Structures are given as C-alpha cells and as structure tokens.
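Top to bottom, those sequences are chains E and Y.
Per my numbering, the very first residue in the first sequence carries number 142; after that it's consecutive.
Per my numbering, the very first residue in the second sequence carries number 142; after that it's consecutive.
Protein chains: 2
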Amino acid sequence: MSNTQHLTIGSPKPVFPDDGILKLYSMRFCPYAHRVHLVLDAKKIPYHAIYINLRDKPEWFSLVSSSTKVPALELVKEQGNPVLIESLIICDYLDEKYPEVPLYPKDLLKKAQEKILIERFGQFINAFYYLLLHDNPEQLVDTDHYAGLVVYEEELKRRCTKFFGGDSPGMLDYMMWPWCERFDSLKYTFEQKFELSPERFPTLIKWRDLMIQDHAVKCFYLDGQTHAKYMNSRRSGQADYNMLYNEAKRVKLG
Amino acid sequence: MSNTQHLTIGSPKPVFPDDGILKLYSMRFCPYAHRVHLVLDAKKIPYHAIYINLRDKPEWFSLVSSSTKVPALELVKEQGNPVLIESLIICDYLDEKYPEVPLYPKDLLKKAQEKILIERFGQFINAFYYLLLHDNPEQLVDTDHYAGLVVYEEELKRRCTKFFGGDSPGMLDYMMWPWCERFDSLKYTFEQKFELSPERFPTLIKWRDLMIQDHAVKCFYLDGQTHAKYMNSRRSGQADYNMLYNEAKRVKLG
C-alpha cells in the first residue's frame with residue numbers, strides 16, 4: 142500500500158522509465174477510477190498507477206489531462222502521449238484494444254443490452270451518493286427496490302450464470318462492482334442496517350461472494366470498514382486521500 | 142409530414158407487415174431521438190418511425206419498452222423483439238451492426254477520442270436546456286465560450302476537414318447536430334441575439350452550412366422557426382407534439 146500516496150500541489154511529476162507501459166491517473170477511493178483498475182487487472186495489462194489528490198491537484202496535472210479528472214489513462218506508446226478520460230470510454234477502449242480477455246458478449250445485440258444495464262446502474266449510483274451527501278437512507282431503500290438493484294437480481298437469476306458475464310465476470314460485473322464493494326461500508330456509517338436481504342437478493346448475494354474471489358477484484362479490494370473510514374473523512378469535508386499510505390507507514394515504523 | 146401524428150392514450154398499436162424492418166419509437170422534436178434518425182438515414186437503413194406523445198403515452202408502449210423512453214429501437218428480426226434504448230447505445234449498435242457506412246474512425250484511439258468529444262458535448266446540451274427552462278441566456282453565452290462550443294471550433298479547425306468525420310459527417314457530427322440545428326431557433330424565442338459570431342466561430346459556421354446539405358440531415362431537418370414554435374409550446378407547458386401533423390392537415394384541407 143506504500144504506493145498509494147496521492148500527489149498534490151508541489152509534488153514533482155513522477156518519472157518512469159521509457160517502458161511503454163500505460164499510466165493510469167487515479168484516486169485510491171474513486172469508484173470510477175476503480176472501474177479502470179478492474180479492467181486493467183482483469184486483462185492483466187501492466188500499468189503505472191499515479192494517485193492524485195483531487196482537492197489540491199499537482200500543478201502539472203492540467204498539462205497531462207486538460208480535464209484534470211480521474212480516471213485518466215495516458216497512452217505513452219501513442220504519438221503525443223494522448224490521454225483518455227471517462228471510465229466507460231476508457232474501459233471500452235481497453236476491451237477493443239486488448240481483446241485477449243473479451244469482457245463484452247460477441248453478439249452485438251447482447252453487447253448493447255449489457256451497455257443499457259451499465260447505463261441504468263447509474264440510478265443506483267445516484268441514489269448511493271444522495272444517501273452519502275444527504276443522510277437520507279430512504280432514498281436508497283425506497284420500496285425495498287434498493288434504487289433499482291432488484292433489476293440486477295432478476296436479470297442474473299434469469300441468466301442462471303455465476304456472473305453477468307457468464308463463468309467469469311464481464312464488463313457489466315466490473316462496471317457495477319465499485320459501488321457494490323462500497324455498499325458494505327454503509328452499515329459502518331449509518332445506524333440503519335444496510336444489508337441486502339437474503340430473501341430479496343439471494344442471487345446478488347451469491348454473486349457478491351463470488352466477485353470477492355475474482356483475481357481482478359482482489360487486486361484492488363478494500364473492506365467495508367476501510368471504505369467507511371474514507372467516506373467519513375470525505376463527509377466531514379476533509380477527504381483523507383493518503384489514509385492507506387499513512388497507515389502503511391505507521392505499521393512500518395511501528 | 143402526415144406521418145408525424147403522435148400516438149397517445151387510446152391510440153391503437155400500429156400494425157406493420159411482417160417485413161423485418163426496424164421500428165423506431167420517437168418524438169418528432171426530441172433531439173435524442175433525432176440522433177437515431179440521423180444514423181439510420183446516414184446508413185440508409187429502412188425503418189418505421191412511430192411517434193409517441195410523451196405526456197400521454199399509449200397504454201401499450203410500456204409493453205414495448207419498459208423504460209417508456211424515446212428513442213427506442215425495436216429489433217423485429219431478433220427473437221423476442223428486443224428493444225434498445227439510450228441514443229448513444231443505439232447509434233453505436235447501428236454502427237457496428239451495419240458497418241457499410243462506418244461513422245467512427247477505424248483507429249481505436251481516435252474512436253475513443255471521438256466518444257470523449259461526444260460526451261463532452263453534454264455540457265452544451267445542459268446549458269441549452271438550462272436556457273430554455275430558466276430563461277437565463279448568460280448560462281449559454283458565458284465568457285463567449287457558448288458553453289464549451291469553442292472546443293469544437295478549435296478541434297475542427299485543427300483537423301482541417303469539412304466535417305469532424307472527414308469528407309462526410311461521422312458519429313460526432315451527427316451526435317452534435319440535433320442541438321446545433323435547434324440553436325438557430327433561439328433567436329425566435331429570446332430577445333437577445335443568439336448568433337454564432339463569425340469572428341469567433343468561422344469554422345463551425347461553415348460546418349453548419351455544409352451539414353444542412355447532408356442527405357441524412359435533410360431527411361429530418363426543421364428550420365429554426367419551426368423548432369422555436371414547438372419549443373414555445375413546450376415552455377408554456379403544452380408541448381404541441383402534433384404541430385407538424387396538424388399543419389399538414391390544414392394545408393391539405395385548405
């Protein structure tokens with residue numbers, strides 16, 4: 142975890158060998174950046190991760206990516222070191238560019254249907270943030286649908302496969318996962334018991350337990366308590382980007 | 142224009158011959174649906190257009206598309222008549238499924254960059270709606286950037302091509318066009334003079350004039366005054382979906 146220091150105002154731009162390896166600008170707790178880590182790890186594409194303090198960004202970051210957003214993927218092998226932004230666009234690019242472990246169905250209709258389900262998951266994402274920012278748990282658990290999560294329960298049950306992608310996770314699994322991983326943190330933040338009901342979500346609960354064992358998910362996994370700790374720092378207005386880095390340092394020194 | 146009657150509560154579901162032709166559920170003035178019309182027409186894919194009154198939708202529409210949104214594309218040749226939603230997902234599907242007139246660059250990096258520019262155009266779309274709903278022209282023309290339109294001026298100038306797609310319009314051209322066509326309506330709705338300044342936007346002005354001559358654009362084109370008439374009806378809370386249909390009927394009867 143010692144590599145998760147977030148660069149900030151005054152931090153020099155990190156220098157890497159001229160090794161042609163992709164550079165991913167990220168933030169350790171950003172779920173959108175998490176998506177790109179998952180796809181890179183699922184496809185076993187090597188990359189350098191560079192973590193950015195999003196409150197006080199290093200001066201040079203606006204020269205790397207004019208949007209100054211993360212995730213941003215720098216394609217160091219391409220002329221002019223172009224930078225891609227937007228998690229879904231980056232992930233779709235990686236899937237086409239590195240087709241060895243395909244994450245979408247080959248069938249074009251099924252692929253489009255997968256993209257619709259990814260898009261629709263935005264409803265859950267919005268409800269998730271609304272909850273974190275407004276302390277309104279009703280928004281998320283309204284009518285026991287968990288903001289549309291029931292659609293995914295039904296869909297996976299219908300497919301009768303371990304993952305949405307079949308025997309292994311596909312693009313939909315990975316695009317949903319960052320928020321599903323963080324779902325487990327809510328019980329540490331709110332008094333209300335945030336647990337998926339085993340009666341209502343038996344398929345998604347099995348899916349979650351399988352996802353946690355997936356190689357790519359393991360590579361970037363944090364438990365609910367750790368996510369809660371970061372989220373609480375963010376809710377207090379002082380997002381503690383270097384939480385993991387500082388903890389690792391303390392352990393090392395201790 | 143007699144085919145632009147919008148089906149509503151009580152309208153029977155239209156019956157088409159079993160001809161395998163795509164069915165596009167649309168609304169004549171919806172810019173997102175407009176995108177799909179453009180791509181279908183650019184690729185010369187035949188389709189049946191079915192216009193939906195979005196305020197009072199026909200009862201059967203929720204059975205066609207559970208989202209009850211337009212655009213919705215029914216793939217009548219596929220088993221179970223699946224329906225795709227979301228303009229960008231539909232357009233990307235059509236581009237892959239009907240590759241004869243490719244609308245994206247072949248190069249995967251350039252394709253991803255085109256998608257980023259399509260995504261980024263959302264800023265302009267948001268400002269456009271903000272203006273229409275809040276009567277706040279400053280939002281759109283702020284700092285003379287026209288809500289990010291200057292990015293597209295610079296980009297097209299840099300490319301030195303007629304269209305973003307090169308010698309003919311590509312996906313970016315068509316995904317931007319519905320709002321660019323409607324831009325010309327603002328001068329009829331607001332007192333402030335909404336014109337692209339020839340000093341600041343010479344490239345986009347040339348582009349607009351070329352786009353208007355494109356076959357696919359012509360197929361679905363409405364002039365600024367007509368768009369303004371519809372928009373005013375929408376702003377008054379009584380969107381006049383059948384405006385064109387009723388006008389055509391009056392002309393016929395007259």
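The beta carbon of each residue, even a glycine, is placed where N, CA and C say it ideally should be.
Everything numeric in this text was worked out from a predicted model, so none of it was measured.
At which residue ranges does the region 157 to 233 of chain E contain complete alpha helix (DSSP H) runs of 4 or more residues, listed in the order of the chain? The qualifying runs are 172 to 183 and 202 to 205.
Check leucine 307/E in the structure and name its three-state DSSP category. It is worth fixing the name first, because residue 307/E is glycine in this sequence and not leucine. DSSP places glycine 307/E in strand when its eight states are reduced to three.
Leaving out the 5 sequence neighbours to the left and right, which residues in its chain are closer than 6 Å to isoleucine 259/E when beta-carbon positions are compared? Excluding residues within five positions, the ones whose Cβ falls inside 6 Å are Leu313 and Met316.
What residues match up with leucine 258/Y in a beta bridge as DSSP calls it? Bridge partners of leucine 258/Y: none, in fact.
Nonlocal neighbours in the same chain, by C-beta distance under 7 Å from threonine 145/E, ignoring five residues either side: Cβ within range, chain order: Arg169, Tyr192, Leu385 and Tyr386.
For lysine 247/Y and aspartate 197/E, I'd like the C-alpha separation in whole angstroms. Going by the C-alpha atoms only, they are around 38 Å apart.
Buried versus exposed call for glycine 395/E [16 or more other C-beta atoms within 10 Å across all chains shown]: In the assembly as shown, glycine 395/E is an exposed residue. Its beta-carbon has fewer than 16 other beta-carbons within 10 Å.
In the region 207 to 235 of chain E, which residues sit with their C-beta less than 7 Å from some C-beta in chain Y, listed in chain order? In summary, the residues of the region 207 to 235 of chain E whose CB is separated from some CB of chain Y by less than 7 Å are Leu216, Glu219, Pro223, Leu225, Ile226, Glu227, Ile230 and Tyr234, in the order they occur in the chain.
Whose C-beta lies closer than 6 Å to the C-beta of serine 152/Y among residues of the same chain, with five residues either side of it excluded? Excluding the 5 residues flanking it on each side, serine 152/Y has same chain C-beta neighbours closer than 6 Å at Pro199, in chain order.
Extent of the continuous alpha helix (DSSP H) to which glutamate 332/Y belongs: For glutamate 332/Y, no alpha helix (DSSP H) run applies, since DSSP gives it neither H nor E.
Just to confirm before moving on: does the CB-CB distance between arginine 432/E and glycine 306/E stay below 8 Å? With chain E covering 142 to 395 only, the question about residue 432/E has no answer from this structure.
Residues near threonine 330/Y by beta carbon distance below 7 Å, same chain, minus five either side: So the qualifying residues of the chain are Ala369, Met372 and Asn373.
Taking Cβ-Cβ distances shorter than 7 Å, what residues in chain Y pair up with glutamate 237/E? Within chain Y, the residues whose beta carbon sits less than 7 Å from that of glutamate 237/E are Leu249, listed in sequence order.
Please classify phenylalanine 157/E as buried or exposed, where buried requires at least 16 other C-beta atoms within 10 Å of its C-beta. Answer is exposed; the Cβ neighbour count stays below 16.
Around the C-beta of serine 338/Y, are 16 or more other C-beta atoms found within 10 angstroms, so that it is buried, or is it exposed? Looking at its Cβ environment, which holds fewer than 16 other Cβ atoms inside 10 Å, serine 338/Y is exposed.
For a test of the three-state rule: what should DSSP assign to methionine 142/Y, helix, strand or coil? Residue placement at methionine 142/Y is poorly supported in this model, since its pLDDT is 48, which falls under 50; the coordinates are not used for a value here.
With respect to the alpha helix (DSSP H) encompassing glutamate 295/E, which residues constitute its N-terminal and C-terminal limits? Run containing glutamate 295/E: 290 to 300, per the alpha helix (DSSP H) assignment.
Nearest-angstrom Cα separation, counted from aspartate 182/E out to valine 180/Y: Approximately 35 Å between the Cα atoms of the pair.
Tell whether a beta-carbon distance below 8 Å holds between alanine 213/Y and serine 206/Y. A contact, by the Cβ cut-off of 8 Å.
Whole-angstrom distance between phenylalanine 324/Y and phenylalanine 361/Y, CA atom to CA atom: If you take the alpha carbons of phenylalanine 361/Y and phenylalanine 324/Y, they lie about 16 Å apart.
Give the interface partners of alanine 174/E over in chain Y, defined as CB-CB distance under 9 Å, in chain order. Within chain Y, no residue has its beta carbon less than 9 Å from that of alanine 174/E; the closest one is some 16 Å off.
Anyone know if the C-beta pair for proline 223/E and leucine 229/E falls short of 8 Å? No, these two residues do not count as a Cβ contact at 8 Å.
Please state whether DSSP places leucine 148/E in a helix, a strand or coil. In the three-state reduction of the DSSP assignment, leucine 148/E falls in the strand class, which pools E and B.
For proline 172/E versus tryptophan 348/E, is the C-beta spacing smaller than 8 Å? Annotated as distal: proline 172/E and tryptophan 348/E, with beta-carbon spacing of 8 Å or more.
For tyrosine 188/E, the nearest candidate out of His175/E, Leu195/E, Lys164/E and Ile150/E (CA to CA): Among His175/E, Leu195/E, Lys164/E and Ile150/E, the Cα nearest to that of tyrosine 188/E is on Lys164/E.
List, in chain order, every chain Y residue whose beta-carbon is nearer than 8 Å to that of isoleucine 257/E. Per Cβ cutoff of 8 Å: Leu225, Ile226, Glu227 and Ile230.
Neighbour list for glutamine 254/E in chain Y, Cβ cutoff strictly below 8 Å: The answer, in chain order, is Pro223 and Leu225.
C-alpha distance - histidine 147/E paired with leucine 195/E, whole-angstrom precision: Distance from the CA atom of histidine 147/E to the CA atom of leucine 195/E, rounded to whole angstroms, is 9 Å.
For a cutoff of 8 Å on Cβ pairs, would you count glutamate 295/Y as touching chain E? Glutamate 295/Y does not count as touching chain E.
For cysteine 301/Y, count neighbouring C-beta atoms within 10 Å of its own C-beta (all shown protein chains included) and say buried if the count is 16 or more, exposed if not. So cysteine 301/Y ends up on the exposed side.
Going by beta carbon distance, what residues of the same chain come within less than 7 Å of glycine 221/E, once the five residues before and after it are set aside? Around glycine 221/E: no qualifying Cβ.
What is the DSSP secondary structure of glutamate 340/Y, counted as helix, strand or coil? Taken through DSSP and simplified to helix, strand or coil, glutamate 340/Y comes out as coil.
Within 8 Å of any Cβ in chain E, is that where the Cβ of glutamate 260/Y sits? When Cβ-Cβ separations below 8 Å define contact, glutamate 260/Y makes contact with chain E.
Pick from Pro155/Y, Glu336/Y and Ser309/Y: whose alpha carbon is nearest that of glycine 365/Y? For glycine 365/Y, the nearest C-alpha among the options comes from Glu336/Y.
Under the assumption that valine 132/Y contacts tyrosine 166/Y (Cβ atoms under 8 Å), give the Cβ distance between them as a whole number of angstroms. The displayed coordinates of chain Y run from 142 to 395. Any statement about residue 132/Y would go beyond what the structure contains.
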